[in-house]
Structures are given as C-alpha cells and as structure tokens.
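**Q** Would you mind keeping the following structure in view while I ask a few things?
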Amino acid sequence: MASIRKRNGRHHVQVRRRGYPQATRSFTSREAASKWIKNVEVDMERGEYLPRVTMTVNELLLQYEAEEVPKQKGARHEFWRSSFLRKQMGHIHLRDLSPAFLAAHRDRRLKTVKASTISREFTTLSTAINTAIVEWAIPLASNPVSKVRVRNADIRRDRRLETGEERLMLKHAQPMLKRIIILALETAMRRGEILKIRKSNINFGNQTLLIPDTKTNSPRTPFVR
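Letter 97 of the sequence shown, counting from 1, is numbered 77 in the working numbering, and no numbers are missing.
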C-alpha cells in the first residue's frame, strides 16, 4: 500500500508492505514520487528491497557507546577508540561508508600510528556496524570494514628482558610498582588482572591466587616460577 501527500510544496511518499519497515521519502514532483513507489514495490515483491539508511557514523557509535561498550571488559579503551572514530568520520552516513573511504583513512593514519592501532580502531568500528545490522535491524547490505586490509597489524612484540634489566627496573621502581612488576614477571598476569586482585582471591594455605575475571572469561590460577 502506497500513499502520496503534498506538504510544503513537496510530495511525501509512504510505502507499506507486510514484512518490511515503512519506506518513506519526499520528492519535488509527483511523477518522481510515483516512479519511486513502483521501484520500491517491485523490489519488495522480489525480496530485494533495502530501506534507505539515514544513520551517520556518529549516531551509530554514540548508540554503540551507550548500549554495548559498558558491557565489555576493555570498556575504557573501546570508548576512547569509538570517540576518536566519531571525530574522524562521524559526519559520514553509513550508506556512504565504503571500503575505498576506509582505505584512504587507513593510509592517512599509517603516517602517524602503527598498523596495530588502526586494526584495533577498525575492529571497534566493525563491531559497532555488525551490532547495528544484527541487533538494531539497520538495513546495511554488508560491513564495509570487512573488505579493508591492514597489513602488518598482527606483528607481535617478542622483546624479552635482557641481563640486568629486571634488576634495574626493580631498583628504580616505587614500592607499589615494584610489587606489581614482580607479580607480573612471576605469573605472566595481565595488568588489569593484577589491579583487580582482592584478599578473598588468595588461598594462603595453598599459596595460590584465583583470578576469577579474565580476558577469556575462564577463571584461572597462575603458576609461579
């Protein structure tokens, strides 16, 4: 079912069909409005119609920050990356967020940051877009981030302490930091895990430490060398 109403000199169109969200658009001429209705109805009949996406990247990421980021373990870092992306490309409409645009953004960023940084930023953007498609029913045909490559993003650091470096670190560290360094070296615990240690996690009888909240959501007890 379709209708055309003239308001303020423009023709406002509504197309309704079961199984689809309401499609709306406005035109300067009735002929253009009628032609659009026919195209939409044909696409709906074929099951090929995708509603027009009006959400901007800024709107997408603001909703992502409000609804999804607080649930994540690394919420602080995820929020920072999302905020940065909004400043960089928030004005872009999702329908215009193409692989070519993202590739150009990647190349500009590579002049100032490492590939791993861009990879993490793109992961944030990709997660937000996937959430919008699956959870919020935003009618995007695909995720453009998945079509952009970031080379050398997985090169991991293999640096190890050399002879004498541990002694120097401990010599110059403040008492609290010194304890953290020792614990990190002895257990290979992550920084976030160490900072969340509570007395109730320690079994003094067995001389073990339980880490209930880990990156993998699997509680563990680290081994001490």
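Glycine included, every Cβ here is placed at the ideal spot set by N, Cα and C.
Please classify Arg(-2): does DSSP put it in a helix, a strand, or coil?
**A** Position 18 of the sequence shown, counting from 1, holds the residue named residue -2. Looking at Arg(-2) - three-state DSSP - the assignment turns out to be coil, as it is neither helix nor strand.
**Q** Can you find a heavy atom of the ligand FMN that lies under 8 angstroms from the Cβ of Gly54?
**A** The ligand content of the structure shown is nil, which means the ligand FMN is not present either.
**Q** Would you kindly work out how many angstroms separate the C-alpha atoms of Trp60 and Gln43, rounded to a whole number?
**A** By 1-based counting over the sequence shown, the position of residue 60 is 80. By 1-based counting over the sequence shown, the position of residue 43 is 63. For Trp60 and Gln43, the distance between alpha carbons rounds to 14 angstroms.
**Q** So, Phe64 versus Ile72, is the Cβ gap smaller than 9 angstroms?
**A** Counted from its first residue, the sequence shown places residue 64 at position 84. Counted from its first residue, the sequence shown places residue 72 at position 92. No.
**Q** When we look at the beta-carbon of Glu115 and count the other beta-carbons within 10 Å, is it buried (16 or more) or exposed?
**A** Indexing the sequence shown from 1 puts residue 115 at position 135. Answer is exposed; the Cβ neighbour count stays below 16.
**Q** Please say whether Asn38 and Arg75 have beta carbons closer to each other than 9 angstroms?
**A** Start at 1 with the first residue of the sequence shown, and residue 75 comes out as number 95. Start at 1 with the first residue of the sequence shown, and residue 38 comes out as number 58. Contact: no.
**Q** Can you check the segment 92 to 173 for any alpha helix (DSSP H) of at least 4 residues that lies completely inside it and give the ranges in chain order?
**A** 95 to 114, 145 to 152 and 155 to 167
**Q** Are the CB atoms of Glu21 and Arg(-3) nearer to each other than 9 angstroms?
**A** One-based indexing of the sequence shown puts residue 21 at position 41. One-based indexing of the sequence shown puts residue -3 at position 17. Their beta carbons are under 9 angstroms apart, which means Glu21 touches Arg(-3) by this criterion.
**Q** Run through the segment 14 to 97 for me and flag every whole alpha helix (DSSP H) of 4 or more residues, listed as ranges in chain order.
**A** 37 to 47, 55 to 69 and 79 to 89
**Q** What are the boundary residues of the beta strand (DSSP E) that Ile(-16) is part of?
**A** Here residue -16 is taken as the residue at index 4 of the sequence shown, counted from 1. Run containing Ile(-16): Ala(-18) to Arg(-13), per the beta strand (DSSP E) assignment.
**Q** Could you tell me the alpha carbon to alpha carbon distance between Arg10 and Thr107, rounded to whole angstroms?
**A** Position 30 of the sequence shown, counted from the first residue, corresponds to residue 10. Position 127 of the sequence shown, counted from the first residue, corresponds to residue 107. About 41 angstroms.
**Q** How long is the line joining the alpha carbons of Met156 and Lys94, rounded to whole angstroms?
**A** Within the sequence shown, the letter at position 176 stands for residue 156. Within the sequence shown, the letter at position 114 stands for residue 94. If I take the Cα positions, the gap works out to 31 angstroms.
**Q** Once the 5 residues before and after Phe102 are set aside, which same chain residues still bring their CB inside 8 angstroms of it?
**A** By one-based count along the sequence shown, residue 102 stands at place 122. Same-chain partners within the cutoff: Leu82, Arg86, Val125, Val128 and Val130.
**Q** What first and last residue would you give for the beta strand (DSSP E) that runs through Phe206?
**A** With the chain covering -19 to 205 only, the question about residue 206 has no answer from this structure.
**Q** Can you give the Cα-Cα distance for Ser(-17) and Arg88, rounded to whole angstroms?
**A** Along the sequence shown, read from residue 1 onward, the residue named residue -17 stands at position 3. Along the sequence shown, read from residue 1 onward, the residue named residue 88 stands at position 108. Taking the straight line from one Cα to the other gives about 47 angstroms.
**Q** To the nearest angstrom, report how far apart Gly70 and Arg170 are at their CA atoms.
**A** As a working mapping, residue 70 is identified with position 90 in the sequence shown. As a working mapping, residue 170 is identified with position 190 in the sequence shown. Their Cα atoms are separated by approximately 33 angstroms.
**Q** Enumerate in chain order the residues of its own chain whose CB-to-CB distance from Gln2 is below 8 angstroms, with the five nearest sequence positions on each side excluded.
**A** To locate residue 2, count along the sequence shown from 1; it is residue 22. Taken in chain order, the residues that qualify are Gln(-6), Val(-5) and Arg(-4).
**Q** Please classify Ser198: is it buried, with 16 or more other beta-carbons within 10 angstroms of its beta-carbon, or exposed?
**A** As a working note, residue 198 is residue 218 in the sequence shown. Exposed is the call here.
**Q** Given this structure, state the Cα-to-Cα distance separating Gly185 from Arg147, to the nearest angstrom.
**A** Position 205 of the sequence shown, counted from the start, is the residue given in the question as residue 185. Position 167 of the sequence shown, counted from the start, is the residue given in the question as residue 147. Distance between the alpha carbons of Gly185 and Arg147: 30 angstroms.
**Q** For Glu58, count the other beta carbons within 10 Å of its own beta carbon; 16 or more makes it buried, fewer makes it exposed. Which is it?
**A** Reading the sequence shown from its first residue, position 78 is the one you call residue 58. Buried is the call here.
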